[in-house]
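Enquirer: Right, I'll just put the structure down here and ask away after.
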């Protein structure tokens, strides 16, 4: 299968490397890592075992790649206004698009540009950070939950899930990708938000019982906002405890992407991760005081 | 009148200087500024006009001061476990004590040690910061609201208010000092809390409409907690807008004391300003999610 990875941050490099190792023809759209990867290939340091891809097809522009079978979008959401430029040249009549980006609004925007029939959304539970150019560190987890934007394409979503499973990624298809997005937000909003705001790792936050209560409070608001959207099946309240347990099992020094973005002076994914979920919840009449405050403070910082 | 200022931070130095200039015999208990003030006196840079007191009675220990008519307590509340040592030697049979400290619990603790009959509480709306040793900067406001801890001592509270008015401090006595304390908390909790958390001045916070909404949300929680205490007269909701207008009229670069404490690595007044009000509100069944989160994050930071 010919696959383009658009947005080669930690997520794009890691899953792209697995897809290539599994026998697919993977093209990486690169920026920071272009020179290093063209010269030296791509090194993956993974809790499941390190591996090295000496020859990697890296490109600077999507036009050099051309049409592919599958576009995997791993861009930071603040680059979404470049979808046309970055994804457009890769799309032919039969191309599928899978966005693994965080937050809300990505599938819808891509569907507007390229058609809903080819759109799939996935939620990646991946702890990974980029190392020096040409290196990615897989620190934990890695499961993907994915689904088609249109219910009639469930079989295609299942074939994409099978593709990921075939290269060693735990992956399953779901009927309701919007529920999966909101489930991820139950983690993303408190942990990306508070780690970025406080410049503390997940373990440093969870070491404080008071902050853990605040995390629970934020999660409860996200679950309430999710369930107000008319999901086919509501997210149970206990999901918050599951996410806290999941996080306690992580490397406590793990820094979510928004914390790294802030540390390194990059823009933050506030629109997709905070503003859109807030707007969706408030449209259903919820006050969401903690998420509102978190967004306000991150927007200031 | 013989007056001891216990805790000579910006507040103690400023009001003590006015009391001395007005003809009272003022003794300052000093620590950081002891050498400078003994050598060079005390300089007040004030929006109402600068003045200089060349000769100031500064002491290192309360025992050197002995019994006074009035003890004005301006200690940081994290020094309250030193009340016995710092205030005790100043108290004779007729001594009055006025605490101008922030937050809850100060009058009660002093009353336990020295008797409720001598206890008065005051709330100072003062923008002042210490400068170099021997210098205090009065940047704005300065009004004091004070009252007796026991209702039967209202006349004494009125005489204290008259003392402050006689030296140029806008001051009035109130029946319900607890209501006045909570009114001050409506300002203190959001502004001390958020300025310290974000390391931003009051004007930097109010420049963000989103953060201003968060401030309003926190103020609404403080007002709810206050009114759940059975105040003789509830604090109206509109008080929050008055406090925001009051703050917009300040020097926008003003940094509340907790922000300075954090900048300079000192302990924060979390117990008196956040933990005790939270406990009081939760005891009345309120959830107070924003204050709870603010306390959790300040406690981490």
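Chains as they are written, first to last, in the working numbering: chain A, 1 to 301; chain B, 1001 to 1301. C-beta atoms are modelled at their ideal positions from N, C-alpha and C, and glycine is treated no differently. Remember, it's a predicted structure, so these values are computed and weren't measured experimentally.
1. Please classify residue 256 of chain A as buried or exposed, where buried requires at least 16 neighbouring CB atoms within 10 angstroms.
2. Measure the beta-carbon distance from residue 1185 of chain B to residue 1267 of chain B and round it to whole angstroms, keeping in mind my assumption that it falls under 8 Å.
3. For residue 1301 of chain B, which residues in chain A fall below 7 Å Cβ to Cβ?
4. Would the beta-carbon of residue 1296 of chain B fall within 7 Å of that of residue 214 of chain A?
5. What are the boundary residues of the beta strand (DSSP E) that includes residue 1015 of chain B?
6. Report the option in B:1182, B:1023, B:1203 whose CA atom is closest to the CA atom of residue 1247 of chain B.
7. Determine the DSSP secondary structure at residue 25 of chain A, reduced to helix, strand or coil.
8. Check the Cβ of residue 1254 of chain B against every Cβ in chain A and list those closer than 7 Å, keeping chain order.
9. Can you tell me whether residue 162 of chain A is buried or exposed, with buried defined as 16 or more other CB within 10 angstroms of its CB?
10. Answer yes or no: does any C-beta atom of chain A fall closer than 7 Å to that of residue 1214 of chain B?
11. What is the DSSP secondary structure of residue 119 of chain A, reduced to helix, strand or coil?
12. Do you know whose CA, among B:1066, B:1028, B:1021, B:1148, lies nearest residue 1049 of chain B's CA?
13. In terms of alpha-carbon separation, which member of A:265, A:90, A:135 lies closest to residue 118 of chain A?
14. Let me confirm a value: residue 1043 of chain B is counted as buried when at least 16 other C-beta atoms fall within 10 Å, else exposed. Which label applies?
15. Out of B:1040, B:1201, B:1199, B:1139, which has the shortest C-alpha to C-alpha gap to residue 1047 of chain B?
16. Using a Cβ-Cβ cut-off of less than 8 Å, list which residues of the region 168-188 of chain A approach chain B; keep chain order.
17. Helix or strand or just coil, what does DSSP make of residue 196 of chain A?
18. What are the partner residues of residue 1058 of chain B, as DSSP defines its beta bridges?
19. Quick check on residue 84 of chain A: does DSSP put it in helix, strand or coil?
20. Label residue 28 of chain A either buried or exposed according to how many other C-beta atoms from any shown protein chain fall within 10 Å of its C-beta, with 16 as the threshold for buried.
21. Please check if any C-beta of chain A sits within less than 7 Å of the C-beta of residue 1201 of chain B.
22. Within a Cβ cutoff of 8 Å, which residues of the same chain sit near residue 1069 of chain B, ignoring the five residues on either side of it in sequence?
23. Would you call the CB atoms of residue 1121 of chain B and residue 1107 of chain B closer than 7 Å?
24. Taking Cβ positions only, does residue 1290 of chain B come closer than 7 Å to chain A?
25. DSSP three-state call for residue 1202 of chain B: helix, strand or coil?
26. Count the other C-beta atoms from every protein chain shown that fall within 10 angstroms of the C-beta of residue 1092 of chain B, then say buried if there are 16 or more, exposed otherwise.
27. When the Cα atoms are used, what is the spatial distance from residue 1198 of chain B to residue 298 of chain A?
28. Under the assumption that residue 1180 of chain B contacts residue 1147 of chain B (Cβ atoms under 8 Å), give the Cβ distance between them as a whole number of angstroms.
29. Write down the C-beta distance between residue 1116 of chain B and residue 1086 of chain B rounded to the nearest angstrom, noting that I regard them as a contact closer than 8 Å.
30. Mapping the DSSP letters down to three states, classify residue 1186 of chain B as helix, strand or coil.
31. Shorter than 7 Å from the beta carbon of residue 1281 of chain B to some beta carbon of chain A?
32. DSSP three-state label for residue 1065 of chain B, please.
33. Quick check on residue 1228 of chain B - is its C-beta less than 7 Å from some C-beta in chain A?
34. Enumerate in chain order the residues of its own chain whose CB-to-CB distance from residue 1109 of chain B is below 7 Å, with the five nearest sequence positions on each side excluded.
35. Going by beta-carbon coordinates alone, are residue 1281 of chain B and residue 1225 of chain B separated by less than 7 Å?
36. Residues of the region 53-66 of chain A with a CB closer than 7 Å to any CB of chain B: list them in chain order, please.
Expert: Straight from the coordinates:
1. Around the beta carbon of residue 256 of chain A, a 10 Å sphere encloses 16 or more other beta carbons of the protein chains shown; the residue is thus reported as buried.
2. About 19 Å separates the two Cβ atoms, so there is no contact after all.
3. Within chain A, the residues 198 have their CB atoms less than 7 Å from the CB of residue 1301 of chain B, given in chain order.
4. Yes. Within cutoff.
5. Not the beta strand (DSSP E): residue 1015 of chain B falls in the alpha helix (DSSP H), residues 1010-1021.
6. B:1203
7. DSSP places residue 25 of chain A in strand when its eight states are reduced to three.
8. Per Cβ cutoff of 7 Å: no residues; residue 1254 of chain B is ~17 Å from chain A at best.
9. Residue burial annotation: residue 162 of chain A is exposed, with fewer than 16 other C-beta atoms found within 10 angstroms of its C-beta.
10. Chain A, which has a Cβ nearer than 7 Å to the Cβ of residue 1214 of chain B, makes this yes.
11. strand
12. B:1021
13. A:90
14. buried
15. For the residues B:1040, B:1201, B:1199, B:1139, the minimum Cα distance to residue 1047 of chain B belongs to B:1139.
16. none
17. If DSSP states are grouped into helix, strand and coil, residue 196 of chain A belongs with the helices.
18. B:1028
19. It is helical.
20. Flag for residue 28 of chain A reads buried.
21. no
22. Within the same chain, residue 1069 of chain B has close Cβ partners 1001, 1002, 1003, 1094, 1095, 1096.
23. Residue 1121 of chain B is a Cβ neighbour of residue 1107 of chain B, given a cutoff of 7 Å.
24. yes
25. helix
26. Answer is exposed; the Cβ neighbour count stays below 16.
27. 10 Å
28. 6 Å
29. A Cβ-Cβ distance of about 19 Å is found for the pair residue 1116 of chain B and residue 1086 of chain B, leaving them out of contact under the 8 Å criterion.
30. helix
31. no
32. helix
33. With 7 Å as the cut-off, residue 1228 of chain B does not count as an interface residue toward chain A.
34. 1080, 1083
35. yes
36. none
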